[in-house]
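Visitor: Take this structure first; my questions come after.
Number of protein chains: 2
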Amino acid sequence: MEQRRELTRVMLRLVRGMRAIFNTQAQEMGLTYARAHMILAVSRAEGLSQTCLAEVLDIETPSLNRTLDGLEKLGFLERRPDPNDKRVRQVFLTDHARENADQIESFTNDLRARVYHGIDAQALDAALNVLHAMDKNLDEMRHPCPK
Amino acid sequence: MEQRRELTRVMLRLVRGMRAIFNTQAQEMGLTYARAHMILAVSRAEGLSQTCLAEVLDIETPSLNRTLDGLEKLGFLERRPDPNDKRVRQVFLTDHARENADQIESFTNDLRARVYHGIDAQALDAALNVLHAMDKNLDEMRHPCPK
DNA sequence: AGATAAAGATTAGCTTGCTAATGAAATGGG
DNA sequence: CCCATTTCATTAGCAAGCTAATCTTTATCT
């Protein structure tokens, strides 16, 4: 019971903390957490529609849209109309962003290594199981009767 | 490696998801996640300064301040000057909020029970250890040389 | 084919976290 | 005792998530 409260609490703190650390690193190249991740996602699959990209990043399209606006304004990416469907705009990196992608990837890996330092795979797996179970519970709370 | 990425990902999703579920419940009484938690924190220790309250809730004072503003405007609490120190303003619930506190406590417990349903104490403990280790790593990343 | 429905992007506006900067009050050292 | 520092609250402004609503285009159904 008290453990449950504490798990929630530490999760909240971790998410904020990780974002903050990431931000301080990313701002050296004029980026933020959300923006850097966006660049990585796009670099892994250029030309996706915004809906697809939102699914990949696990966020809603308006959230994505704003991040995209920012990055476009900063010259990191561009949206081009899809010739096959006038509704969609495909997302591409600029050359400038493509140059940075490796660097972002690399410091992301570095930060991840440091955050997870000293945690063995077995423990990690156990934690993952717990969080997945919680995630499943949440899903069922959202969709009460899937029949 | 892939597990690490996934753990981060699911944590992000969980935090957003829990907040969302909580919000839909809380909005029936005109509240939100942050506001409901604030009411609980104040009800557990009325008369704290805002700095103390921020520490209890693990957020920064400007974040707290805004939530407090909202709740004060809605008539859930009030800030009263501390007679012993003209800098501080102590935080108290209104009678109205005090009536709601039990209800908030109760549906918070209910939601927590559902989110953590089916997860045994041992697994929970293992997960908690992992997250605490990460939290510690983060701390060390923030304070490189504590001597 | 034409009407209706669905899907993609966008806008508007809310929430709640943050940092940086400011002003007022208290504290402490010389 | 006074000046410098620290502490508390607050303001201003950014970031990034969300829902609801709108507009355009495409798909579907009769």
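Protein chains in written order, with our numbering: chain A, 1 to 147; chain B, 1001 to 1147. Just so you know, even glycine gets a beta-carbon here, dropped at the ideal spot from N, CA and C.
1. Counting only beta-carbon atoms, is residue 7(A) nearer than 8 Å to chain B?
2. Using three-state DSSP, classify residue 1048(B) as helix, strand or coil.
3. With a Cβ-Cβ cutoff of 8 Å, do residue 71(A) and residue 29(A) count as a contact?
4. Given residue 1006(B), which residues of its chain have a CB within under 8 Å of its CB, disregarding the five upstream and five downstream residues?
5. Counting along the chain, where does the beta strand (DSSP E) carrying residue 1093(B) start and finish?
6. Does the beta carbon of residue 86(A) fall short of 7 Å from some heavy atom of the ligand NAP?
7. Over the uninterrupted alpha helix (DSSP H) stretch that includes residue 120(A), give me the two end residues.
8. To which residues of the same chain is residue 88(A) closer than 7 Å at the C-beta, ignoring the five residues directly before and after it?
9. If we count Cβ pairs, one from each stretch, closer than 8 Å, do we get three or more for the stretch 91 to 100 of chain A versus the stretch 1094 to 1103 of chain B?
10. Of all Cβ atoms in chain B, is any one closer than 8 Å to the Cβ of residue 112(A)?
11. Out of curiosity, what's the CA-to-CA distance linking residue 1002(B) and residue 106(A)?
12. One question on the structure: do residue 42(A) and residue 115(A) come within less than 8 Å of each other, judged by their Cβ atoms?
Guide: Considering the structure as presented:
1. yes
2. coil
3. No, they are not a contact pair.
4. none
5. 1085 to 1093
6. What this structure holds is no ligand at all, so the ligand NAP is not there to describe.
7. Careful: residue 120(A) lies outside any alpha helix (DSSP H) and carries neither H nor E.
8. 49, 82
9. Cβ pair count under 8 Å is below three, so no.
10. yes
11. 15 Å
12. no
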